[in-house]
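Novice: For the record, in the sequence shown the residue sitting at position 245 is 250 according to our numbering, with numbers rising by one throughout.
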Amino acid sequence: MYFLNPKIWKFKFQKLAYTWQALKAYSKIWQDIQKQKSANPDKQFIGILLAEHLGDIVAATPILKELKAKYPSAHISWIVKPAYACLLDNNPFLDQIIKEKNLLTSIWLTKKNPFDHLYNLHLNQLRYDNFYKIWLENPQADNLGLTYKNYLNKYTLLEMFSRLAGLALKEEAPKLYPSLQKKQIEHEYWIIHRKSNSDEKDWKDEKWMDLLPKIWEKFDVQIVEIGTENGLEIKDKRFISLVGKSDLPISMQWIQHASFYIGVDSGPAHIANAFEIPGFIICGKYKNFEEYMVYSGAYLKQDIATVFFKDGKVPAEHTVDEIFKNIEKTYLKSQVEMLEQ
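Below you can see the structure in the form of structure tokens.
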């Protein structure tokens, strides 16, 4: 019978706990912002809702400086998943980080919130609440004609987020203010990152295995791999694997002090861009986007970096030789650029 099914009752209890968590978080945000409003009646209170993903959050950081310029006395809060909160630490243009307890809280905030302005930077049909069978909606995205199917046709990520916030930013560079800044090793090293949040963006593992010996043959560097899972199995004193061994702040620290960065189009590439680390990003056709640009700042200008596309190929189709040839060219060019700065 339906009511005797333990899976049904388990789901009901999980939904109840989830709803209670959302209610507590929603009430706390209201109480906190209202209390601050009472103490600062002349301030405007602005909220930014961009809870995920890593690269999106980094790419959107220039919005903070622009909002502070537009509303000089404003108190600005950013609602973000706890895992990504460190990306916003110490930002001088941000007053408060609000950690998103669950999606339902954010959905409620888009309906009614205590802010004078709440800028929802999420596109429609990307965040779905499995308990309540509802989407996080963004009417402003509809008004601008922005969807997950077309957002990369004309804009960088910053341009898209900027438009959703009523701004007009285009080329401003992202910037991070990490708490951890000490270099981990003295020897020069390059960072590699192989796995994105979509298999379509990834290069083949066997090609990475063939690439590294070519790099070592030409350059006297250590190579450090970062990531969360499925690291390369290489036994060589010139290779360090941090895959599954370092959290986001530590990975940021390693990227910040790297001499060069090689990776697919993924969140850590945006961190490398924010730190202006010379780099090579392996890109290609993705879904219905044959060629696109997600970066602003250094990686948009491509003086010290190359965002590599070729002939409408998907990333997995690029050969080892063409990737190495362009990495070598980019690295040598970046060294000249760095010396001239």
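For every residue, glycine included, the Cβ atom is placed at its ideal position computed from N, Cα and C.
If you're wondering where the values come from, they're calculated on a predicted model, not measured in any experiment.
Taking contact to mean at least 3 C-beta pairs separated by less than 8 Å, is the region 184-197 in contact with the region 244-261?
Specialist: Because the criterion of three Cβ pairs below 8 Å is met, the region 184-197 and the region 244-261 touch.
Novice: Exposed or buried, Ile196, counting other C-beta atoms within 10 Å across all chains shown (16 or more means buried)?
Specialist: buried
Novice: Let me know if Leu109 comes out buried or exposed under the rule of 16 or more other beta-carbons within 10 Å of its beta-carbon.
Specialist: buried
Novice: DSSP on Gln186, reduced to helix/strand/coil?
Specialist: Note: Gln186 maps to coil in three-state DSSP.
Novice: Using only alpha-carbon positions, find the residue among Asp147, Leu59, Tyr133, Gln145 that is nearest to Asp270.
Specialist: Leu59
Novice: Quick one: grab the DSSP three-state call for Tyr160.
Specialist: Taken through DSSP and simplified to helix, strand or coil, Tyr160 comes out as coil.
Novice: At 3 residues or longer, what runs of the beta strand (DSSP E) sit wholly inside the region 225-293?
Specialist: 227-230, 244-246, 265-269, 284-287
Novice: Please state if the CB of Gln41 and the CB of Lys2 are separated by a distance shorter than 9 Å.
Specialist: With the chain covering only 6 through 346, there is no way to say anything about residue 2.
Novice: At a cut of 8 Å, does the region 117-129 reach the region 86-102 through at least three beta carbon pairs?
Specialist: no
Novice: How about Ala30 and Glu105: do their beta carbons lie closer than 9 Å?
Specialist: Yes, Cβ-Cβ distance for Ala30 and Glu105 is below 9 Å.
Novice: Please classify Trp213 as buried or exposed, where buried requires at least 16 neighbouring CB atoms within 10 angstroms.
Specialist: Answer is buried; the Cβ neighbour count reaches 16.
Novice: What do you get for Pro11, buried or exposed, if any count of 16 or more other CB atoms within 10 angstroms of its CB means buried?
Specialist: exposed
Novice: Once the 5 residues before and after Ile139 are set aside, which same chain residues still bring their CB inside 8 Å of it?
Specialist: Ile112, Tyr133
Novice: Would Tyr266 and Ala277 be called neighbours here (beta carbons separated by less than 9 Å)?
Specialist: yes
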